[in-house]
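Order-wise, the sequence lines are chains D and P.
Mapping of the first sequence onto the numbering used here: residues 1 to 336, in sequence order.
Mapping of the second sequence onto the numbering used here: residues 1001 to 1515, in sequence order.
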Amino acid sequence: MPTSPHVFAAVSVRSIMLKVILALTPGLIAYLWFFGPVILVQIAIASCTALACEALMLKIRGKPLALFLGDGSALVTAWLVALTFPPIAPWWLTVLGVAIAIVIAKHLYGGLGQNPFNPAMVAFCAMIIAYPQLMSQWPKADANAFWPMLTAIFAPSREVDAIVMATPLDALRTILRDPEQRATIAGFLGTQASFGNIGGYGWEWIAMGYLLGGLWLIQQRVITWHIPVAFLATLAFIATGASWLDPERHVGASFHLFTGGAMLGAFFILTDPVSSAATPLGKLIYAAGAALLTWIIRSFGAYPDGIAFAVLLMNLCVPLIDMATQPRVFGWRKKS
Amino acid sequence: MLEPLRFPGGVKPAAHKEESTRTPIRIAPLPPRLIVPLRQSAAGAATPLVSVGAKVRKGELIARPEGPYGVAVHAPTSGEVSAISPHVLPHPSGLPGLCIVIEADGEDLWREREPLDPDHAPPQVLLSRILDAGIVGLGGAAFPTHVKARAKISTLVINGAECEPWITCDDLLMRERAETIVAGARILARIMGAKRLLFGIEDNKPEAACALERALGELDCGSCAVVRVPTRYPAGGEKQLVYALTGIEIPYGKLGPDFGVQCFNVGTAYAVARAILYDEPLIARVVTLAGNFEAAGNFETLIGTPIEQLLPLAGEKPDTDRLVMGGPMMGFPLPSRAAPVVKATNCILAMSPSLFPPPPPEMPCIRCGACARSCPMLLAPYELYWYAKSKNFGKAQEYHLFDCIECGCCAYVCPAHIPLVDYYRYAKSEIRAREREKAAADAARARHEFRKFREEREKQEKAARLAAKAAETRAKLALAENAASTPMPRAEDDQAALIAAAQARIESQNTEKDR
Ligand code: SF4
Ligand code: SF4
């Protein structure tokens, strides 16, 4: 006989996942605007692969197909892979990445709810180690270059070089590391002509889109403010401090916040409930740690962006963080 | 104006209070047969004082409280005791319990009644009247009121929050009988020496709050107040309401009086007033019939009324598929419609598949933390779930399993639709069973050791007897030989010492058992 409670709030894993996807659309629209419809192709590839892998793994593990396929979690992973991989990544790279995310990072760890690492970030890190070249190849922000981009996905050739351009983060790193160039941050930002030179042409608008969607997720109570606020605030704080100490070598906060995967990471990746810290204080520590690592990897590492590695490293710390930050239980004062 | 504090967590399920507040409290007709369970509260039992065939009058004591938590049971109407036999009870276990069955004679004839003067009778007399009247907490937990009222406190909280959706018996009682509730509250305050009297009411019951304020106003009561707490389940949880009104957090294992505060339900205060002012024991209560009814409402019902006879009064709809006693958040499914109304029956919720759809299928926990944000006890329900599921009960206890009040907020909000509270109930009962087992095993071991000891002792005694006999023979022989004999060891002395030691051991074991 059913036991109490006998009533339930109108929420489900599925409704949460669908809201996350919905919240990604403002960013996606900006992405479309600047890089053209090629991203839709990537999302389609990723989604189909994710659903196929998910179905296969559910079948192998003997889980109810309809229930779990419909939960939307595989789609969220697919979207995150598509949005973090270069839009001109060859199709098989996306397929491989999604397969790694779903099969290894999710199901081999026990499926929905059991994965200690964010599947999309596992895919990103695995691919960037295996194919650093392909994973760093970003096109110029040119919405009209659909055909060359499509060719790059399905029939890569040398011609791809014509549409490739360094991302703002890459450009920054290259310039700062090259003593010949005697580049300054101010000069660099001047070359990324766009509105206010915040995070590089196009990038800042996409980041704005993610910010908007992320705020909506907070308003919808799908996520709490802790992780995005702690992450962005810490990143801003460190970036500001560093650029104040050494303005020649370190770029300021607004660039860090509005370029690369910072916004996507803050609102959509770090907030993945399964692999993130769950207590309020734990979330703050987890996100602040991720911000510190992101800044270090961006500033001193060799990879285009630091978010993915930062996320995985912090995922590793989650059990410890959660254990150490259990909140005080009602009626139990600090002393007891 | 006292501003209530915000207790942590909580949820806001649809209240559904209007359905059963459209009509005033109706009096349920006298049923032909009443089935009065002897055990009216979890802790309290009672010993029957009547035998089959006895004629009883309304309000007559038919079972005497047993032990410190016992609760007196009275005849709800006049008539004849036709049986004292096991009958199905409104209890989640579905197990039958001993009931006194009374065939009503229709006269509804009262016994002699001796009202007390609430302002001048000594508090001790008032307290023993509460015990004699068999009053228990009417909010649902049915804890004996005389036990709770024994403490000396400074602040008395009267709980009219009624936070469970659908239930409105307290609401209507406050609207219609506020004076009596206030009178009962003042009696309780006098008994317990409380200086401050606070009524806590959820702000979705403005009529009730105004009625109480009017009743208080007439009395010119110095430090009394009606506090409207925001409507958020479980505002009527004892710990939550006490916190909202006083800022006191009562932890697990402690009681209100440890902090100078005690909390009673409005229905309990009403029952106290009836017992003192009219010498009416607790033989009736207001029961909400809500859910799948044509005309949901509240009925003043005699304890012992079979629930199936109550249902037609509100027009039970045919597609009702189960009944729940209590509200949708904490109520339990009734094992049978033949179960009687007991003192704890605040609401009968009729459920149909369309009104209360079954929960969607269970998914794995995604650690979204929604449960923790809704938990009024600030627990980590997902951790408790994890440890209960993996039978790691020690860890579950470390994460404060026993602080859980089983309010159901966590399961209400869980997007994975995990029946979380079931896991906690399961873990708690497992832990309790293990503790009982361990105690039983300890006792068995003690018994076993004692038996071994006794066998050993008997063997020794036998050996001693044989030795004594041998010695005797030897002595005789020696005597016969007329030789000078050396004194033999005193076997009898050894034996006496052994017996004394054994007795001491038995005694010490007995006292340990008593503890
Ligand atoms: S609400 Fe449910 S899914 Fe979310 S953390 Fe709690 S138990 Fe897990
Ligand atoms: S049932 Fe227990 S764990 Fe769940 S919300 Fe209530 S007190 Fe917290």
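Idealized CB from N, CA, C, for every residue including glycine.
Can you grab the Cα-Cα spacing for the pair residue i / residue j, in whole Å?
| i | j | result |
| --- | --- | --- |
| P/T1168 | P/T1021 | 7 angstroms |
| P/Y1399 | P/A1380 | 7 angstroms |
| P/A1194 | P/A1178 | 20 angstroms |
| D/A123 | P/A1244 | 49 angstroms |
| P/G1010 | D/I88 | 48 angstroms |
| D/F267 | P/A1215 | 54 angstroms |
| P/A1075 | P/E1280 | 11 angstroms |
| P/T1511 | P/A1296 | Note that P/T1511 scores 48 on pLDDT, short of 50, meaning its location in the model is unreliable; the coordinates nonetheless yield the value given after this. Taking the straight line from one Cα to the other gives about 55 angstroms. |
| P/A1484 | P/E1472 | Any reading at P/A1484 is ruled out, since the residue's pLDDT is 49, under 50, leaving its predicted position unreliable. |
| P/G1137 | P/M1377 | 22 angstroms |
| P/G1408 | P/M1329 | 6 angstroms |
| D/A324 | P/E1456 | 55 angstroms |
| D/H287 | D/N118 | Before going further, note that residue 287 of chain D is Ala rather than His in the sequence given. For D/A287 and D/N118, the distance between alpha carbons rounds to 14 angstroms. |
| D/Y109 | P/L1188 | 59 angstroms |
| P/H1276 | P/L1313 | Residue identity differs from the one stated: residue 1276 of chain P is Ile in this sequence, not His. C-alpha separation (whole angstroms): 31 angstroms. |
| P/G1094 | P/T1047 | 22 angstroms |
How is the beta strand (DSSP E) around residue i delimited, first residue to last?
| i | result |
| --- | --- |
| P/S1082 | G1079 to V1088 |
| D/L257 | Segment A253 to F258 is the alpha helix (DSSP H) holding D/L257; no beta strand (DSSP E) there. |
| P/P1037 | R1033 to P1037 |
For the alpha helix (DSSP H) containing residue i, name the first residue and the last one.
| i | result |
| --- | --- |
| P/L1116 | Where P/L1116 is concerned, there is no enclosing alpha helix (DSSP H), given that its DSSP letter is neither H nor E. |
| D/N315 | I307 to A324 |
| P/V1125 | P1123 to D1132 |
| P/E1238 | E1238 to T1246 |
| D/F124 | P119 to A130 |
| D/T294 | P280 to F300 |
Report yes or no: is there a C-beta of chain D within less than 7 angstroms of the C-beta of residue i?
| i | result |
| --- | --- |
| P/D1319 | no |
| P/P1361 | yes |
| P/H1400 | yes |
| P/V1157 | no |
| P/E1249 | yes |
| P/L1378 | yes |
| P/Y1412 | yes |
| P/P1364 | yes |
| P/G1193 | no |
| P/P1353 | no |
| P/F1356 | yes |
| P/A1416 | yes |
Name, please, each residue of chain P whose Cβ falls closer than 7 angstroms to the Cβ of residue i.
| i | result |
| --- | --- |
| D/G214 | Correct list: empty, because the minimum Cβ distance to chain P is about 16 angstroms. |
Could you name the residues of chain D that residue i contacts, counting a contact when the two beta carbons are closer than 9 angstroms?
| i | result |
| --- | --- |
| P/K1395 | The contacting residues do not exist; P/K1395 stays about 11 angstroms from chain D at best. |
| P/M1329 | S4, P5, H6 and V7 |
| P/V1052 | Those do not exist, as P/V1052 stays about 34 angstroms from chain D at its closest Cβ, beyond 9 angstroms. |
Show which residues of chain D have a CB atom less than 7 angstroms away from the CB atom of residue i.
| i | result |
| --- | --- |
| P/R1367 | G113, P273, V274 and A278 |
| P/V1324 | H6 |
Does residue i get closer than 7 angstroms to chain P when you measure Cβ to Cβ?
| i | result |
| --- | --- |
| D/P5 | yes |
| D/A74 | no |
| D/I16 | yes |
| D/F267 | no |
| D/L51 | no |
| D/L24 | no |
| D/S194 | At D/S194 the pLDDT is 42, less than 50, meaning the model places this residue with poor confidence and gives no usable figure here. |
| D/G282 | no |
| D/P389 | The structure shown does not extend to residue 389 of chain D, since chain D is modelled only from 1 to 336, so the question has no answer here. |
| D/W225 | no |
| D/G70 | no |
Since residue i contacts residue j with CB under 8 angstroms, what's their CB separation in whole angstroms?
| i | j | result |
| --- | --- | --- |
| P/I1135 | P/I1100 | P/I1135 to P/I1100, Cβ: 18 angstroms. No contact. |
| P/L1355 | P/N1292 | 6 angstroms |
| P/Y1412 | P/P1013 | 6 angstroms |
| P/G1070 | P/A1045 | 6 angstroms |
| D/M121 | D/A308 | 5 angstroms |
| P/L1384 | P/C1404 | 7 angstroms |
| D/G36 | D/M149 | 6 angstroms |
Which chain D residues are close to residue i, counting only those with a beta carbon under 8 angstroms from its beta carbon?
| i | result |
| --- | --- |
| P/G1236 | By Cβ distance, chain D contributes nothing, its closest Cβ being about 15 angstroms from P/G1236, past 8 angstroms. |
Starting from residue i, find everything on chain P with Cβ-Cβ shorter than 8 angstroms and list it in chain order.
| i | result |
| --- | --- |
| D/L67 | P1361 and M1363 |
| D/F258 | Those do not exist, as D/F258 stays about 28 angstroms from chain P at its closest Cβ, beyond 8 angstroms. |
Note down, in chain order, every chain C residue with its Cβ under 7 angstroms from the Cβ of residue i.
| i | result |
| --- | --- |
| P/Y1387 | In summary, chain C is missing from the structure at hand, where the protein chains are D and P. |
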